Amino acid sequence: MTPVKHPYVALEKVPPAQDLIYVLWTASGVCNQKCSYCHPRFHDGKTSFPEINKVIGFLQHLLDSNPEKRLYLVFSGGEPTLWKDIGPFLTFCREQERLILELDSNGSRHLNWWKENLDSINFLVLSYHWEFANQDRFIELLQVAGPSIPVHVSILALPEFFEQSRRLMDTIQELAPECSVKAKAVRLAMGAENYPYTLEQKNWLLKHGSRHPRTPIHPIPLDLSKHIVQRSADGHIKAFNRSTASLLRQNRWKGWKCFAGIESFSIDVDGSIYRATCRVGGSIGNLHEEVIFPRQPVICDKDNCVCLDDI
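Numbering (the working numbering), first residue to last: 578 to 888.
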């Protein structure tokens, strides 16, 4: 793969994100939606949710090992709200002053469940999957959650549903104006390549695919896309956009020094712990054993930084 010559020598987090450890937790292979573009391991049910004591133990260990840091925890699935211990987990997260919880969900739980648990979630990211979602019910959830907590909607804009995705963005802005929304290009089999979008579709995603809340009432706990900068060799700093880099296939840093494993972690459905979702450097442990956290950066050996959460 042809390397990319970047006009910068480093990517850096800036305040208020500079003291954050980013944890992406893929909790299980249990999901009630089996999307065609999703890898079967995230919905085939072969991997169950972890034991609650293992989850709390790891998070507490990470907090205790980094007393000057905050954790930004992205808890996803499968579908995380199907976990039988989601209640105690949310209670634990709410009680931690240095933990910010982002819950990623398809929003399929009953509306009453959401009403009971919204106050334990710092940031709710809801994904809209055209193959399974019920639009009226989804909008109803947004109208309940949006006034209570920060909510972002990610529309999986498959090429065959592209026009519907455009219209849904308008509908959300009209009926749930407190929510932000993004039409997202979908990757083939969750790999490095996107579905075949036309040039017009790509340009629209770049220019119009993201919308801020029409009626903003909540500060989003953290939007990493706004707190990453690229630094040139002469020290010049410029804002860096992860989504644009990925869409333009500029997400290639092979041979660069990477601080994944120090500033970020990824926990897989089987409990394996990695520096990032790309698994650079291999596994550093498992939920079922003592984990010694890395103290030195690793050299990237990947052709692409496929997952935006790794950047």
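Positions of the beta carbon are idealized from the N, C-alpha and C atoms, including for glycine. Predicted model, so just to flag it, every value in this text is computed and none were measured.
field: Rounded C-alpha distance that separates C855 from L752
entry: As a working note, residue 855 is residue 278 in the sequence shown. As a working note, residue 752 is residue 175 in the sequence shown. Straight-line Cα distance between these residues: approximately 37 Å.
- request: Answer with buried or exposed for L678, where buried requires no fewer than 16 other C-beta atoms within 10 angstroms of its C-beta.
  value: Residue mapping note: residue 678 aligns to position 101 of the sequence shown, counting from 1. By the neighbour-count rule (16 or more Cβ atoms within 10 Å), L678 is buried.
message: Suppose the cutoff is 7 Å on Cβ atoms and the five residues either side in sequence are ignored; what does the same chain contact list for K692 look like?
response: Start at 1 with the first residue of the sequence shown, and residue 692 comes out as number 115. Correct list, in chain order: V721.
message: Tell me the DSSP secondary structure of N694 in three-state form.
response: The residue labelled residue 694 in the question sits at position 117 within the sequence shown. Helix, per DSSP.
query: Whose CA, out of H789, D621, N881 and L718, lies closest to the CA of N771?
result: Locating residue 771 in the sequence shown gives position 194, where the first residue counts as 1. Closest by alpha carbon: N881.
- request: On a CA-only basis, which of V702, E717 and F739 is nearest E708? Give me that one, please.
  value: The residue labelled residue 708 in the question sits at position 131 within the sequence shown. Ranking the options by Cα distance to E708, first place goes to F739.
message: If you measure between the beta carbons of L761 and L733, is that distance less than 7 Å?
response: Position 184 of the sequence shown holds residue 761. Position 156 of the sequence shown holds residue 733. A small fix is needed here, since residue 761 is Lys in this sequence, not Leu. Yes. Within cutoff.
- request: Find out if the Cβ-Cβ distance for the pair V586, A810 is shorter than 7 Å.
  value: In the sequence shown, counting from the first residue as 1, residue 586 sits at position 9. In the sequence shown, counting from the first residue as 1, residue 810 sits at position 233. Going by C-beta atoms, V586 is nearer than 7 Å to A810.
task: Excluding the 5 residues preceding and the 5 following A816 in the sequence, name in chain order all residues of the same chain whose CB lies nearer than 7 Å to its CB.
output: If you number the sequence shown from 1, residue 816 lands on position 239. These residues qualify, in order along the chain: V806.
message: Please tell me whether E755 and P724 are closer than 7 Å, where the distance is taken between their beta carbons.
response: As a working mapping, residue 755 is identified with position 178 in the sequence shown. As a working mapping, residue 724 is identified with position 147 in the sequence shown. In this structure, P724 lies closer than 7 Å to E755 by Cβ.
task: Pair every Cβ in the region 655–673 with every Cβ in the region 619–627, then say whether three or more of these pairs are closer than 8 Å.
output: Touching, yes, given that three or more Cβ pairs across the two stretches are closer than 8 Å.
task: Closer than 8 Å by C-beta to V868: which residues in its own chain qualify, once you throw out the five before and the five after it? Chain order, please.
output: Sequence index remark: in the sequence shown, residue 868 carries index 291 (1-based). So the qualifying residues of the chain are F635, H638, I850, I861 and G862.
- request: Identify which residue in H865, S841 and I888 has its Cα closest to the Cα of Y599.
  value: Working through the sequence shown from its first residue, we reach residue 599 at position 22. Shortest Cα-Cα distance from Y599 to any of H865, S841 and I888 involves S841.
message: Looking only at its chain, what residues have a beta carbon closer than 8 Å to the beta carbon of S744, apart from the 5 residues adjacent to it on each side?
response: Taking the first residue of the sequence shown as position 1, residue 744 is located at position 167. Residue identity differs from the one stated: residue 744 is Arg in this sequence, not Ser. Contacts found: none.
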